[in-house]
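Below you'll find the structure, written out as structure tokens, and then a few comments.
There are 2 protein chains.
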Amino acid sequence: MRIPILKLYECLLVSIQWELDDQTALQFQEDLLHKIHETNARGVVIDITSIDFIDSFIAKVLGDVIEMSKLMGAKVVVTGIRPAVAITLIELGIRLEDVSTALDLEKGLEKLQQELGD
Amino acid sequence: MRIPILKLYECLLVSIQWELDDQTALQFQEDLLHKIHETNARGVVIDITSIDFIDSFIAKVLGDVIEMSKLMGAKVVVTGIRPAVAITLIELGIRLEDVSTALDLEKGLEKLQQELGD
């Protein structure tokens, strides 16, 4: 299984709607970085509204892919972090530093467009 | 495997990036109709840029889901139909009547917004 990555103007949109297994998460990491390279995307919105629960491996992959995207020059906004996911991330020490967050995909895209407009 | 359906304002966006098997296609049909109901979406963009080849079953499911979405009040735009897919659809007699098409996701979304603005 692979997670589709949608290109919309200068941004990539990803909506993770089901719990990720380890293989899918790693595949997603690779796919996203390739897609950033291929499309010259300046921003990425990752929506995880549907994720109720996150384990330490997935949390690390998520943290890593955000750092990697930034290295490649793309701003990342993570949207729809649920309470349980927020708790897990902090408890695992994954700080998602300098990552913008927003309530939902629409607000995330608006935030990204504002930041890219600067 | 299920295909993520993204909600962006009044529209739903779907990007089918890998060949569908029959089960996934049927699941997608059901998921899309539920999502239209749940979100009151007025439009749907289905991007099939990555689909190189379509068989008769998938073509029928695609034709059906477009008709069903219209019955539920959502306009559908299909984007990124490749030559081989266009040939298959016409040869199978699936006309996708009254369905707007566009080159890519961005143009599809613009077309949908124009149509919804009427």
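These protein sequences, in sequence, are chains A and B. In case it helps, UniProt numbering puts the first sequence at residues 1 to 118. In case it helps, UniProt numbering puts the second sequence at residues 1 to 118. Built from N, CA and C at the ideal position, the CB exists for glycine as well.
Beta-carbon gap between residue i and residue j smaller than 8 Å
| i | j | result |
| --- | --- | --- |
| residue 54(B) | residue 32(B) | no |
| residue 52(B) | residue 79(B) | no |
| residue 72(A) | residue 36(A) | yes |
| residue 85(A) | residue 29(A) | no |
| residue 45(A) | residue 109(A) | yes |
| residue 39(B) | residue 7(B) | yes |
| residue 42(A) | residue 92(A) | no |
| residue 63(B) | residue 87(B) | no |
Contact list for residue i against chain A, beta-carbon separation under 8 Å
| i | result |
| --- | --- |
| residue 6(B) | 6, 13, 15, 47, 105 |
Proximal chain B residues relative to residue i, where beta-carbon distance stays under 7 Å
| i | result |
| --- | --- |
| residue 72(A) | Those do not exist, as residue 72(A) stays about 20 Å from chain B at its closest Cβ, beyond 7 Å. |
Own chain, CB closer than 8 Å to residue i, minus 5 neighbours either side, in chain order
| i | result |
| --- | --- |
| residue 104(A) | 47, 49, 79, 80 |
| residue 74(B) | 12, 36, 41, 42, 43, 44 |
| residue 98(B) | 70 |
Cross-chain neighbours of residue i in chain A, by beta carbon under 9 Å
| i | result |
| --- | --- |
| residue 2(B) | 1, 17, 18 |
Contact belief for residue i with residue j at Cβ below 8 Å, rounded distance in angstroms
| i | j | result |
| --- | --- | --- |
| residue 76(A) | residue 26(A) | Wrong, their Cβ atoms sit about 18 Å apart, outside the cutoff. |
| residue 89(A) | residue 59(A) | 6 Å |
| residue 1(B) | residue 1(A) | 5 Å |
| residue 9(B) | residue 10(A) | Rounded, the Cβ-Cβ distance is 18 Å, inconsistent with contact. |
Neighbourhood of residue i by C-beta, 6 Å cutoff - its chain only, sequence neighbours within 5 removed
| i | result |
| --- | --- |
| residue 100(B) | 77, 111 |
| residue 56(A) | 92 |
| residue 13(B) | 6, 45 |
Same chain, Cβ closer than 7 Å to residue i, neighbours up to 5 away in sequence not counted
| i | result |
| --- | --- |
| residue 102(A) | 77, 79, 108, 111 |
| residue 22(B) | 57 |
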